[in-house]
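As structure tokens, the structure follows; a few thoughts come after it.
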Amino acid sequence: MRDVMRLAMVVGLSAGLAAGSARAQDIVREGGGERREKLAKMELKPFPAEAWNGLDAWINGQGSEVRDIGGRPVLIVTFASWYPISLRALPLAQQLADKYASQGLIVIGLHHERGWENAEALVKQRKITFPIARDTGSAWRGAMLSDQDPDFYVIDRAGQLRFADIDTGSVESAVKIVVEETPDQAGGINDRLAADRAQAQRDARRVENINSSVDFTRLPPIPFTPPSEDQYKNAAWPNPPKGDENRSYRDGPREPQKYAAHAAIMAAAKGRPGQALIVYGFNPEQQRTVEYVTSMDLLQKQMVRDVRVAGLLVPLQDNNNRRDDEEAKKLAASIPEKIAGLKQSFRLSHELIPDVDAAALTAANPDNERNRSNESYIPFAAVISSDGIIRWWGHPGDHAFRAAVDKVLKVDPGIRARRQAEDEYIRRHGG
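Residue 92 in numbering that gives the first Met the number 0 is what sits at position 93 of the sequence shown, and the numbering runs on without skipping anything.
Listed below in structure tokens is the structure:
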């Protein structure tokens, strides 16, 4: 029973780590790839004052708002009167402007240059009271890498760009963070985050050290009552991707869908009912994708109780690059050796699975109508809940990837039901 008692200790430690970081991880960023990487580098740095220069023709203000921020938090929303989807952001922005005005929040709307002649009538019709400016020549959007309205940006009391292009569902959480800080607290955020990262690394090493002496798979499968369809339907799942500069959803984000390969991949990854699944694609010939093999393995070690990670080794070819039967046979024959070499070199704890025709990876991508090419379809990752539904998909380097993983683990009713049964088992057999 010693392993079971150690298991209980690790469970408690993991829960504490999750609780400590939950608030920051709830802020989901949008987009991916090179643009998202550039935005990440702009965060936690002084907001570039020159970005305001192109704003003019103010409504509900004279432009003094951007000159006199002076220790006040700022929420910026981009929109256009001719783009209906962007207008959905205005009620939220107005609600936050009203709710947090007493705490100093400044809300600024940036209308696209095109259609400005309709902006004033729209503002009056929708009873918008916060300042609206015209983004002449889209200079502000260009400086801040805004890709598709509506985009939300948040500046803290220290004048730093705190959150860049965040998901609509995260906006109020982000605003609440910055309005509740003092200027000194905001100014010290980088030091605090560095300390938090150091502590997280120490905690991760503790978990890994404990895991090295405890095999979670030794806990026998514990029967539990599966959640109902309504429980899954009503869970607060992460928002699916809105899109990025390479794809535009004019009718809103895609709906989550069933992962057709779920049962097969879960079996190959030695998963259990009530666990989430993460699949990602890579190829040993493409170094930028291999880098994710080790980070995914660390994720598997840290979340072994609730997650199975499966790496899908896919070929480097696009839809027009058909291989003949002989080439396909050679490719298939070489994959097991490549997988064995990777598992030995990296001492991997998660499974690497051949996906010779990239069918399993393609099935994990609700946007699979896009052209798959060597440069675009990997690296790719999908987060799949315990009922086999794809809840998030995109680049594994995105901030939103880890946030989606954490959110699924937090709200998945299958995970909660299995954990409850396991916890009862641990209590009954731990003494």
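We treat Cβ as the ideally placed atom computed from N, Cα and C, and that holds for glycine.
{"Asked": "C-alpha distance - GLN102 paired with VAL177, whole-angstrom precision", "Found": "10 Å"}
{"Asked": "Cβ neighbour criterion (16 or more within 10 Å) applied to HIS428", "Found": "exposed"}
{"Asked": "As assigned by DSSP and simplified to three states, the class of ASP434", "Found": "Since the first residue of the chain shown is 0 and the last is 430, residue 434 is not available in this structure."}
{"Asked": "For GLY340, three-class secondary structure by DSSP", "Found": "helix"}
{"Asked": "Contacting residues, own chain, Cβ-Cβ under 6 Å from PRO240 (five flanking each side not counted)", "Found": "GLY393"}
{"Asked": "When TYR258, GLN230, LEU91 and GLY158 are compared against SER172, the one with the closest alpha-carbon", "Found": "LEU91"}
{"Asked": "Selected residue, minimal CA-CA separation from THR181, among GLY70, GLU336 and HIS349", "Found": "GLY70"}
{"Asked": "LEU86 versus ASP195, PRO149, ILE334 and GLN159, residue with shortest Cα-Cα distance", "Found": "PRO149"}
{"Asked": "Secondary structure of GLN159, DSSP reduced to three states", "Found": "strand"}
{"Asked": "Buried/exposed call for ARG418, threshold 16 Cβ in 10 Å", "Found": "buried"}
{"Asked": "THR77 - DSSP class collapsed to helix/strand/coil", "Found": "strand"}
{"Asked": "Alpha carbon of ILE388 to alpha carbon of GLU179, nearest angstrom", "Found": "36 Å"}
{"Asked": "Three-way DSSP call (helix, strand, coil) for VAL292 in this model", "Found": "helix"}
{"Asked": "Under the three-state DSSP convention, the category PHE345 falls into", "Found": "helix"}
{"Asked": "Extent of the continuous beta strand (DSSP E) to which PRO225 belongs", "Found": "First-last for PRO225: undefined, no H or E at that position."}
{"Asked": "GLU254 burial status per 10 Å Cβ neighbour count (16 or more: buried)", "Found": "exposed"}
{"Asked": "GLY114 and TRP81 closer than 9 Å at C-beta", "Found": "yes"}
{"Asked": "DSSP state of TRP57 mapped onto helix, strand, coil", "Found": "strand"}
{"Asked": "Range of the contiguous alpha helix (DSSP H) that encloses PRO433", "Found": "With the chain covering only 0 through 430, there is no way to say anything about residue 433."}
{"Asked": "Residues bridged to GLY280 [DSSP beta-bridge criterion]", "Found": "LEU311 and PHE379"}
{"Asked": "Contact set for ALA185: own chain, Cβ-Cβ below 6 Å, skip 5 residues either direction", "Found": "ASP155, ARG156 and ALA157"}
{"Asked": "Own chain, CB closer than 6 Å to ILE221, minus 5 neighbours either side, in chain order", "Found": "ALA420, GLU421 and TYR424"}
{"Asked": "Cβ neighbours of PRO283 in the same chain (closer than 7 Å, five flanking residues each side left out)", "Found": "VAL289, LYS337 and LEU341"}
{"Asked": "Pair within 9 Å by beta-carbon distance, LEU298 and ILE277", "Found": "yes"}
{"Asked": "Status (buried if at least 16 other CB within 10 Å, exposed otherwise) for SER344", "Found": "exposed"}
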